[in-house]
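Here the structure is laid out as structure tokens; the discussion comes afterwards.
Number of protein chains: 4
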Amino acid sequence: MIIVMKSSAKERDIENISEVLSKHGLGVHISNGSAATIIGIIGDKAKLGDVNLELMDGVEKCVPIMHSYKLASRDICPEGRIARVGDQEIGGNALAMMAGPCAVESEDQIMQAALGVKAAGAKFLRGGAYKPRTSPYSFQGMEDEGFKMLRKAADATGLKVVSEVIAADQLDVAAKYCDMFQIGARNMQNFRLLREVGRSKVPVLLKRGISSTIEEWLDAAEYIMSEGNYNVVLCERGIRTFETATRNTLDIAAVPVIKERSCLPVIVDPSHAAGKSAYIAALSMAAVAAGADGLIIEVHPDPKSAMSDAAQQLTPEGYQSLFERIKIVAQAVQRGI
Amino acid sequence: MIIVMKSSAKERDIENISEVLSKHGLGVHISNGSAATIIGIIGDKAKLGDVNLELMDGVEKCVPIMHSYKLASRDICPEGRIARVGDQEIGGNALAMMAGPCAVESEDQIMQAALGVKAAGAKFLRGGAYKPRTSPYSFQGMEDEGFKMLRKAADATGLKVVSEVIAADQLDVAAKYCDMFQIGARNMQNFRLLREVGRSKVPVLLKRGISSTIEEWLDAAEYIMSEGNYNVVLCERGIRTFETATRNTLDIAAVPVIKERSCLPVIVDPSHAAGKSAYIAALSMAAVAAGADGLIIEVHPDPKSAMSDAAQQLTPEGYQSLFERIKIVAQAVQRGI
Amino acid sequence: MIIVMKSSAKERDIENISEVLSKHGLGVHISNGSAATIIGIIGDKAKLGDVNLELMDGVEKCVPIMHSYKLASRDICPEGRIARVGDQEIGGNALAMMAGPCAVESEDQIMQAALGVKAAGAKFLRGGAYKPRTSPYSFQGMEDEGFKMLRKAADATGLKVVSEVIAADQLDVAAKYCDMFQIGARNMQNFRLLREVGRSKVPVLLKRGISSTIEEWLDAAEYIMSEGNYNVVLCERGIRTFETATRNTLDIAAVPVIKERSCLPVIVDPSHAAGKSAYIAALSMAAVAAGADGLIIEVHPDPKSAMSDAAQQLTPEGYQSLFERIKIVAQAVQRGI
Amino acid sequence: MIIVMKSSAKERDIENISEVLSKHGLGVHISNGSAATIIGIIGDKAKLGDVNLELMDGVEKCVPIMHSYKLASRDICPEGRIARVGDQEIGGNALAMMAGPCAVESEDQIMQAALGVKAAGAKFLRGGAYKPRTSPYSFQGMEDEGFKMLRKAADATGLKVVSEVIAADQLDVAAKYCDMFQIGARNMQNFRLLREVGRSKVPVLLKRGISSTIEEWLDAAEYIMSEGNYNVVLCERGIRTFETATRNTLDIAAVPVIKERSCLPVIVDPSHAAGKSAYIAALSMAAVAAGADGLIIEVHPDPKSAMSDAAQQLTPEGYQSLFERIKIVAQAVQRGI
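Protein chains in written order, with the working numbering: chain A, 707 to 1043; chain B, 707 to 1043; chain C, 707 to 1043; chain D, 707 to 1043.
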């Protein structure tokens, strides 16, 4: 932490701050710039406890110089982590390919989807059983019945199940059916839920909040990791901006930024970013070229009849053809698939 | 719902859509513009169930023309609703003045705060017992102990307690101590929680999500109201934008927009919007002049020692002096206080 | 400027930076924090010329601690500046009230508008002769003919003319007809134009760019002032955010922020912020309550026939009635009008 | 254009609107939905001239259904346009590779840069002679001297010159030295400048404004094309959002959106988007994989001494190595280079 003093700060103000810091076992380095005095704090800021320096007389602002996350940082694991979901790895050389419908709608629908994405080459079956929806009058998902259908389709095809959880009290049931819990964008800062999935042993796919900064996203991952669950995978899915041509704005730069700052794998969801199936191929290939560790793509056996987010779902055939194109880009950046 | 066809749409495409609509008991009005054909749907769109028209051949886009919320809309209650919290009203002529510290920190701190804000003229005591924090390493609140301290301070001073709840499983306990539940910005789309507070009989203060549109906010209110709890008060607290001079950007226009679209009372939180105590007076007076039904302001007996959000908390004296200035602006717009 | 070193920085890296700084006549203060070393620069950073410290080995980031504007800062003129437009003052106790149509459309239209706003109590007549429009196929203004009509209407009513200029080569002509030049939001960073109005002697109304930070806005004012023209008035007119309920999001907090950081007067344009006449009254009163030095409001004798931005223009009668309400709020905050 | 009536609209309101429309030679199609009446306008909306329907009694809102640009639209040229800059093409199979320093600083600097980027395989030399800078106290470019140095370096190496122009009155001089004019992000809505480059015969690289929607960007292109200059190339360079980890947020989806809506070629500027050289490789490869027609990358012979934007410039060696990686991704998406 650095304290920048106002140009009008008095000698006495600086002495006061020094006293407070030394009383808390912290050292100071005072730098009398020509325009302002800067006080650098030496030692662990946590020792300050409840003292708020920004309110002390003469203080212009306090500038944090460290990230607040530790376990999720690159420093702690420079080679990067690999998340393990059963016998599958995420974050190694091979891309993790996840696909399936936005929502589980029926046993037949999810089975058809599973067969289609398996045939293309995917290793994970996605599908929402619990659907957070903006309006209370929209379809809210098949809930636990949906989990069962997912499990059955996944078992029949040899896929892993990744599905959203929305509340702490459902985790025990969900863990019976899911190989990986998804935390949706709206719950990225549902800290109670983050702590609970952190206490479970189930791998977690943590979507970025629609208006969360990368730092807040890593802080959210830290909530999970601080409870002992290190099997966390980040998922960039677009952020909210002024642009309305796409549903969200895919922040493709989040991929290299995460690779620099964090040890966690990061995949991309081009479907929610685009909101329109016509743009999914371009975003998928961009994500792989940028260094993403995988893709989660919405695939529905009959998109026209989908009960949610129909405009952004591919057919199984569309997915298979996209999969082949992705393979070629993956090779170009020396990734397996 | 209006369907705009592509300029390249074929006669057959339009016939297909008409067939689908009539099969679902809906009428159509086709308008052959010189540039594009428009299909207007006659009847209740809900009859369409799972049919997604946007994916049908020839369709350029579908334009919704109705709001998705009903109970929260102005249409249903043109005179506006008044929320009742015990013997207090929110949404009538008198402004609802809520104040107190960001977080409950000790029995003494909350009692001092209660005495101070009561002396100024406030009717509601705010204070966080459960604190959602960005980092897992920050102070997370005193939890149920905090609720008890709040209740005691409120009872001693004759104030109502408004405090944040963060999970469905805590509502029974929280209801013992709180007169009004606050749903924080991060939980505005925690639909499970919204439904549960909707099932309770406790009045709800619903903060706007940091990047939620006004329409999404009203949809969130609809979640609560659709469960039978109509005692909902909205709270504008600033949105996330590119500007960093303030913690958030207070969307002051949300006040007249809400008054036009919704029957619900709306108050303003200048403290979280500003993030800096120096700006709170200006924002408070602006909110009252714009027609807000009240203000929720952070007041701490000793801001310099506050354990969270210290920079934005007023002293009791600062609040009392602000209260007097607000009173004058309230009179100017013919509001009591 | 503060230099934050990477935790992996080597002793040699720090020595290198110290050498570079001392070679340029700058002092250093090195602060060995437990987590990172911080180097504070002592002296005028400008001495560094073209050296970019952020690229030197071991550097994590450089944190500026000073504003880049000087003449526009509050420090240089703590009591605040008053802009003078003929015998009118902006920034003193009395609010500067500006009103008139979005665009000048005819001699009759602007004369009717002038009579209407004069009758209400306004002192400035606004009206666009040059209209920057998003599409080349939209009405682009009456250009110099419009200036002449403005002048005539203003002379007949005793109002001052404020009108937008869009290019350096039109300033000589524009200066014959305008008492105050308006720089529109789209030209806030047209630096060539800023310099030229800075070289003129005509007072300038500088609108905030649609996505400009307050710091960038003050830098733009500095461009004008650095050429010798100190008669600059800032105008907050809403910023671009994700919210679509209003045309732009009025950043009401910009008023107290400007008052804190800058010596320049600041007025508010509620019309462009709202984009809808129904919200203008609320925003106008909020602006005055927040401490704005004036208001610029769109008034058209016949809004339904307006050639641009019709939805946001008031009738003269609407303006007169609003004016009376504003007067009462102005009194409440001890301002004249 | 579609007119959505309020649910409270009266029969008489609808008749009024129909009368106005038919008086202007337009047809109507009235659709009595169960919730609201919709009026579709048949014919060219331009016939309405100055009539503003949104202000007529009973009108809820007007929904445009057509783009305002025509020449820039895909409809008019479904196969896409190829821009020609001398013997170079942009928009064909081969990627257009542009590179060079942010600013021209000296004859030696630009010559070294030209040699370096030519050796890598670039065909265009970029370099700013006129530099719009946020602060008046920053380096503003070498102006016409810079143009001459660019020309000399380009002639010596067989590259095309692309450089920014900032005012109409400099175009004659600039045209002597530049093969392609760049319109910078800050000038994307400097309509006077757009018209003038439209009247010139020089190809134009049109950068997207920092907070411009894709529709506004295409409207800006339409300004140029409507004056007869069809040699326009769009350049996505990142938009302003709440995220601060990168200088701007690269809107990678703009590439497929432009390909769908417009006939114009689109290239990507990863340097201004990233703001940090470490992220440029990832963004460059993502852009090519997404279908961009080229890349403009900042390369400086000695980034540490660069006079502007140093943190985002690559060395010639860095560029050469990136060029080889881009080549492989280009092959994967069947593009030449």
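Idealized CB from N, CA, C, for every residue including glycine.
| Query | Result |
| --- | --- |
| Residue nearest to residue 682 of chain D in terms of C-alpha spacing, selected from D/972, D/1017 and D/980 | Here chain D covers residues 707 to 1043 and nothing more, so residue 682 of chain D does not appear. |
| Chain A within 9 Å of residue 774 of chain D, Cβ atoms only | no |
| Interface residues of chain D facing residue 920 of chain A [CB-CB closer than 7 Å] | 949 and 951 |
| Cβ neighbours of residue 890 of chain B in the same chain (closer than 8 Å, five flanking residues each side left out) | 838, 870, 872 and 913 |
| Contacts around residue 829 of chain C, its chain only, beta-carbon distance under 7 Å, and the 5 residues preceding and following it disregarded | 794, 802, 803, 865 and 866 |
| Any C-beta of chain A under 9 Å from that of residue 965 of chain D | yes |
| Closer than 9 Å to chain D by CB, residue 957 of chain A | yes |
| 9 Å Cβ cutoff, residue 719 of chain A in contact with chain B | no |
| C-beta neighbour in chain A for residue 1025 of chain B, strict 9 Å | no |
| Same chain, Cβ closer than 7 Å to residue 810 of chain D, five either side skipped, listed in chain order | 816, 833, 834, 835, 848, 852, 855 and 856 |
| Listed by chain order, chain D residues near residue 895 of chain C by CB distance under 7 Å | 838 and 892 |
| Interface partners of residue 737 of chain C on chain D, CB under 7 Å | In chain order: nothing, as chain D lies at least about 23 Å away. |
| Residue range of the beta strand (DSSP E) that includes residue 946 of chain A | Looking at the DSSP string, residue 946 of chain A is not in any beta strand (DSSP E), and its letter there is neither H nor E. |
| Proximal residues of chain D, C-beta to C-beta of residue 708 of chain A below 8 Å | Within 8 Å Cβ-Cβ: nothing; residue 708 of chain A doesn't reach chain D, min ~18 Å. |
| Nearest-angstrom Cβ-Cβ length linking residue 1017 of chain B and residue 983 of chain B, presumed shorter than 8 Å | 7 Å |
| CB contact check: residue 794 of chain C to chain D, cutoff 9 Å | no |
| Chain B residues whose Cβ lies nearer than 7 Å to that of residue 879 of chain D | Simply none; closest approach about 36 Å. |
| Contacts around residue 892 of chain C, its chain only, beta-carbon distance under 8 Å, and the 5 residues preceding and following it disregarded | 838, 915 and 916 |
| Residue 745 of chain C versus C/931, C/719, C/1024 and C/969, residue with shortest Cα-Cα distance | C/719 |
| Partners in chain C for residue 983 of chain B, counting only beta-carbon separations shorter than 9 Å | Result: empty, since nearest Cβ-Cβ is about 11 Å, beyond 9 Å. |
| Interface residues of chain A facing residue 1017 of chain B [CB-CB closer than 8 Å] | 758, 760 and 761 |
| Where the beta strand (DSSP E) containing residue 905 of chain A begins and where it ends | Residue 905 of chain A -> not in any beta strand (DSSP E); alpha helix (DSSP H) instead, spanning 897-905. |
| Residues bridged to residue 957 of chain D (per DSSP) | A/957 |
| Cβ-based burial, residue 888 of chain C [other Cβ within 10 Å; buried from 16] | buried |
| Contacting residues, own chain, Cβ-Cβ under 8 Å from residue 1019 of chain A (five flanking each side not counted) | 807, 808, 977, 983, 1004, 1005, 1006, 1009 and 1012 |
| Proximal chain A residues relative to residue 917 of chain D, where beta-carbon distance stays under 7 Å | 948 |
| 9 Å Cβ cutoff, residue 910 of chain D in contact with chain A | no |
| Coarse secondary structure for residue 974 of chain D, derived from DSSP in three states | strand |
| Contacts around residue 845 of chain B, its chain only, beta-carbon distance under 8 Å, and the 5 residues preceding and following it disregarded | 809, 837, 839, 1013 and 1014 |
| Contacts that residue 972 of chain B makes with chain C (C-beta to C-beta distance below 9 Å) | Going along chain C, no residue has its Cβ under 9 Å from residue 972 of chain B, so there is no contact; the nearest lies around 11 Å. |
| Contact check, residue 1001 of chain D vs residue 964 of chain D, beta carbons under 9 Å | no |
| Chain C contact residues for residue 997 of chain B, given Cβ-Cβ distances below 7 Å | 988 |
| Coil, strand or helix - residue 968 of chain A by DSSP | strand |
| Proximal residues, the stretch 839-862 of chain B versus chain A, C-beta separation under 9 Å | 839, 840, 841, 842, 843, 844, 845 and 846 |
| Closest Cα partner of residue 1038 of chain D within the set D/992, D/1022 and D/937 | D/992 |
| Beta-carbon contacts of residue 980 of chain A that lie in its chain and below 7 Å, excluding the five residues immediately before and after | 952, 953, 986, 989 and 1018 |
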